[in-house]
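In our numbering, the protein residues as written are 108 to 671.
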């Protein structure tokens, strides 16, 4: 009787639950639920060493469809600072948006793996009206309902439990036969004793999913550092070409003035017609250089707009003061720049942290695949209960129950798949170690190259800037001597062209110096960009290697939410 009444209660409860769920759950509800679970998973795996915990939410609307130029109030007259450019790039760069989406999808996959270890209650309700027509037998019409409950869960010990309860009720509307009520329930429990026993084996998929989320968090922040370095380098290169345009314009105007002055001297017989032709040819060359410089500047500015994700037609200019920022050769405050910078890179580079932790993953995979090679032995317990009643009497007129308890042994006779998986895991460990060693070599090479570029650019800049004052003085002297007939026109034209070439080289070395400094921060892993576009590494000294936290997070990274 108790079982039958319970079955009746199941019917009523499931009917009410179905009505409430159907009326209450909308797509927006599931989206909000997914966002909450995914961002919660990401936040749990986000370590302080990964970078600022911001700017990783996936927008509901593609930011590329926004009309940025009319909506954004740029500082007059349309000047975009470096910080503003970084903010725009982090919000609108196409490739970086994909990094945000990959991070979200990785967190979404973790929620799916976690779901496999959560309780799974399911239920369904079915209602029907049925009519039977058989020759020689009175027609029968009946109505009824069926309700089913199902429950399954996997525990960290490897145990699994499944249970189901089915209740059906039939009411005869016409005909000779009577209706009734029936309930059928089953439960099964399986606990491994050998293969598949323990949380280290059972929860490995969940643990790996959590670590994959951590790895993607690091990859996202590494991509943010790389994007910031790219934006800063392109920003400085655009400023360099803008300076070249200014120098080319000044050079063209100077050449024009030289031609006019030589025309006047030619009237006095101090300059030959041949020298006039040379001056005019040099003026034409200067004009061509100006046109080429403008074209190159506008092309690079358009590419920069694409990098930061704004419409190409947006009218902007960059802040020339950004390139005048003070750069110190003692950027990282290290006693031995090369050794200290490499040590800092090995401690702070997020891509190296991923490669280092994947060695631990491969080691765990060996243990899991080795466990699958052994024999299987499990405790198996099952139970069942069936009740039925007639004439809609909820009291049970028939009861049938069963219970079994036993052991199930799986002999390791065919383990080809498991053998191959184990051998693959052994090779994976070797590969992961080799990848990390290659990563260390590559990071060291990048740091050494960045330091060489920085020191070379600094020395070239010093040498060239020392030549600037003599070049200006040489031009003035040549112009003065030409007035007195002690120099020819070629001396003035050559001095003017040499001054222009020197100014272009100085602009190039200043940019090379700034870009090399940014690349050094990027390659040592300390170029963290805040949401407002500020870079801490460019405002204060970076921590020494022994002060940097371990981005690997130790052996327990990502395991905090696994059940015991």
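Note that CB positions come from ideal geometry on N, CA and C, so glycine has one too.
Bear in mind that the values here come from a model prediction, so they are computed numbers and not experimental data.
Checking 8 Å against the spacing of the C-beta atoms, do residue i and residue j come in under that value?
{"i": "residue 270", "j": "residue 230", "result": "no"}
{"i": "residue 728", "j": "residue 487", "result": "With the chain represented from 108 up to 671, any question about residue 728 goes unanswered, as that position is not in the structure."}
{"i": "residue 200", "j": "residue 414", "result": "yes"}
{"i": "residue 585", "j": "residue 578", "result": "no"}
{"i": "residue 209", "j": "residue 323", "result": "yes"}
{"i": "residue 195", "j": "residue 636", "result": "no"}
{"i": "residue 325", "j": "residue 453", "result": "no"}
{"i": "residue 620", "j": "residue 564", "result": "yes"}
{"i": "residue 250", "j": "residue 236", "result": "yes"}
{"i": "residue 466", "j": "residue 543", "result": "yes"}
{"i": "residue 187", "j": "residue 419", "result": "no"}
{"i": "residue 318", "j": "residue 167", "result": "no"}
{"i": "residue 320", "j": "residue 576", "result": "no"}
{"i": "residue 311", "j": "residue 471", "result": "yes"}
{"i": "residue 603", "j": "residue 582", "result": "yes"}
{"i": "residue 252", "j": "residue 265", "result": "no"}
From residue i to residue j, what does the alpha carbon distance come to, in whole angstroms?
{"i": "residue 337", "j": "residue 193", "result": "10 Å"}
{"i": "residue 610", "j": "residue 354", "result": "7 Å"}
{"i": "residue 539", "j": "residue 545", "result": "10 Å"}
{"i": "residue 489", "j": "residue 216", "result": "33 Å"}
{"i": "residue 288", "j": "residue 531", "result": "56 Å"}
{"i": "residue 291", "j": "residue 509", "result": "12 Å"}
{"i": "residue 211", "j": "residue 146", "result": "8 Å"}
{"i": "residue 566", "j": "residue 632", "result": "25 Å"}
{"i": "residue 207", "j": "residue 429", "result": "29 Å"}
{"i": "residue 572", "j": "residue 614", "result": "10 Å"}
{"i": "residue 534", "j": "residue 468", "result": "13 Å"}
{"i": "residue 580", "j": "residue 562", "result": "29 Å"}
{"i": "residue 83", "j": "residue 302", "result": "Any question about residue 83 goes unanswered here, given that the chain covers just 108 to 671."}
{"i": "residue 179", "j": "residue 342", "result": "With a pLDDT of only 47 at residue 179, under 50, the local geometry of the prediction cannot be trusted, and no value is derived from it."}
{"i": "residue 591", "j": "residue 393", "result": "26 Å"}
{"i": "residue 606", "j": "residue 600", "result": "10 Å"}
{"i": "residue 224", "j": "residue 157", "result": "28 Å"}
{"i": "residue 139", "j": "residue 410", "result": "37 Å"}
{"i": "residue 380", "j": "residue 368", "result": "13 Å"}
{"i": "residue 362", "j": "residue 596", "result": "11 Å"}
{"i": "residue 356", "j": "residue 345", "result": "16 Å"}
{"i": "residue 154", "j": "residue 479", "result": "33 Å"}
{"i": "residue 515", "j": "residue 481", "result": "14 Å"}
{"i": "residue 299", "j": "residue 523", "result": "21 Å"}
{"i": "residue 165", "j": "residue 275", "result": "47 Å"}
{"i": "residue 406", "j": "residue 396", "result": "15 Å"}
{"i": "residue 629", "j": "residue 474", "result": "37 Å"}
{"i": "residue 426", "j": "residue 189", "result": "7 Å"}
{"i": "residue 69", "j": "residue 461", "result": "Residue 69 lies beyond the residue range present for the chain, which begins at 108 and ends at 671; the question has no answer from this structure."}
Look up residue i in the DSSP assignment and say whether it is helix, strand or coil.
{"i": "residue 529", "result": "helix"}
{"i": "residue 378", "result": "coil"}
{"i": "residue 187", "result": "strand"}
{"i": "residue 320", "result": "helix"}
{"i": "residue 327", "result": "helix"}
{"i": "residue 444", "result": "helix"}
{"i": "residue 161", "result": "coil"}
{"i": "residue 266", "result": "coil"}
{"i": "residue 303", "result": "coil"}
{"i": "residue 640", "result": "coil"}
{"i": "residue 517", "result": "strand"}
{"i": "residue 238", "result": "strand"}
{"i": "residue 198", "result": "helix"}
{"i": "residue 167", "result": "coil"}
{"i": "residue 112", "result": "The predicted model places residue 112 with a pLDDT of 49, which falls under 50 and marks its position as unreliable; any figure quoted below should be read in that light. Here residue 112 sits in helix by DSSP."}
{"i": "residue 664", "result": "Because residue 664 carries a pLDDT of 48, less than 50, the predicted location of this residue cannot be relied on, and no value is offered for it."}
Along the chain, where does the alpha helix (DSSP H) containing residue i start, and where does it finish?
{"i": "residue 139", "result": "134–152"}
{"i": "residue 307", "result": "306–309"}
Exercise. What are the uninterrupted segments assigned as beta strand (DSSP E) that are 3 or more residues long and contained completely in the region 557–635, given in chain order?
Worked result: none
Problem set entry | Ranges of the alpha helix (DSSP H) found wholly within the region 447–510, counting only runs of at least 4 | 457–478
For this session: Mind listing, in chain order, the continuous alpha helix (DSSP H) runs of no fewer than 4 residues lying wholly within the region 201–234?
Result: 201–222
For this session: Tell me the start and end of each unbroken alpha helix (DSSP H) in the region 351–434 that is at least 4 residues and wholly inside, in chain order.
Result: 380–415
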